[in-house]
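Residue numbers are given in this note's numbering: position 47 of the sequence shown equals residue 47, and the series is strictly consecutive. Where is the CB? At the ideal position from N, CA and C, for every residue including glycine. On a predicted model such as this, the values are computed, not experimentally measured, just so you know. Below you'll find the structure, written out as structure tokens, and then a few comments.
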Amino acid sequence: MVKQIEFSLPAFNRGFHLITHEVAQELGSLPEYGILHLFIQHTSAGLTINENADPTVRDDFESSFNRLVKENEPYYRHTFEGSDDMPAHIKTSLVGNSVSIPITKHRLNLGTWQGIYLCEFRNHGGSRKLVATVIH
1 MVKQIEFSLP AFNRGFHLIT HEVAQELGSL PEYGILHLFI QHTSAGLTIN ENADPTVRDD
61 FESSFNRLVK ENEPYYRHTF EGSDDMPAHI KTSLVGNSVS IPITKHRLNL GTWQGIYLCE
121 FRNHGGSRKL VATVIH
């Protein structure tokens with residue numbers, strides 16, 4: 001059996017944001033066993049799984065990504081959508097736009113310190129559309 005849900009997240013500031021709770025709310029009841037595939041329908045925001053306890057981890061991610069992929073580089077040609085747009089595309093390619101999570105005993109089987117991150121790479125990215133596919 002396959003269940004697919006499309007939903008939108010509200011606009012978030014630029015940065016890394018825990019969205020595990022929001023995703024779980026949208027999913028509702030889960031099968032006893034299966035897999036969740038979560039996909040974001042955007043090219044300037046991504047998804048990843050990482051530390052859910054210490055918020056400074058998310059700050060460090062933001063700082064590190066900004067050092068790796070800088071804005072206003074003279075070699076960028078795709079610039080008409082703003083100085084944060086091309087770096088956002090590159091960062092999204094580095095992070096990826098989907099995650100898969102096992103479902104065990106009707107729950108997302110994340111590790112103790114794991115959470116789902118929305119990686120918002122635009123200054124004003126707006127609402128983000130996600131597709132959740134539950135396979136059981």
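Query	Result
The stretch 124-135 / the stretch 65-76 touching (three or more Cβ pairs under 8 Å)	no
I103 (DSSP reduced to helix, strand or coil)	strand
Beta-bridge partners of G34, as assigned by DSSP	I103
Sub-7 Å separation of S93 and H37 beta-carbons	no
Reduced DSSP secondary structure (H/G/I, E/B, other) of Q4	strand
Beta-carbon spacing of L47, I40 below 7 Å	yes
Three-state secondary structure assigned by DSSP to L110	coil
E32 and H124 closer than 7 Å at C-beta	no
Anticipated Cβ contact below 8 Å, A24 with L108, distance rounded	7 Å
Own chain partners of G96 with C-beta closer than 8 Å, once the 5 adjacent residues on each side are dropped	G46, L47 and T48
Coarse secondary structure for V131, derived from DSSP in three states	strand
Limits of the unbroken beta strand (DSSP E) element including I49	A45 to E51
Endpoints, alpha helix (DSSP H) assigned at F65	P55 to L68
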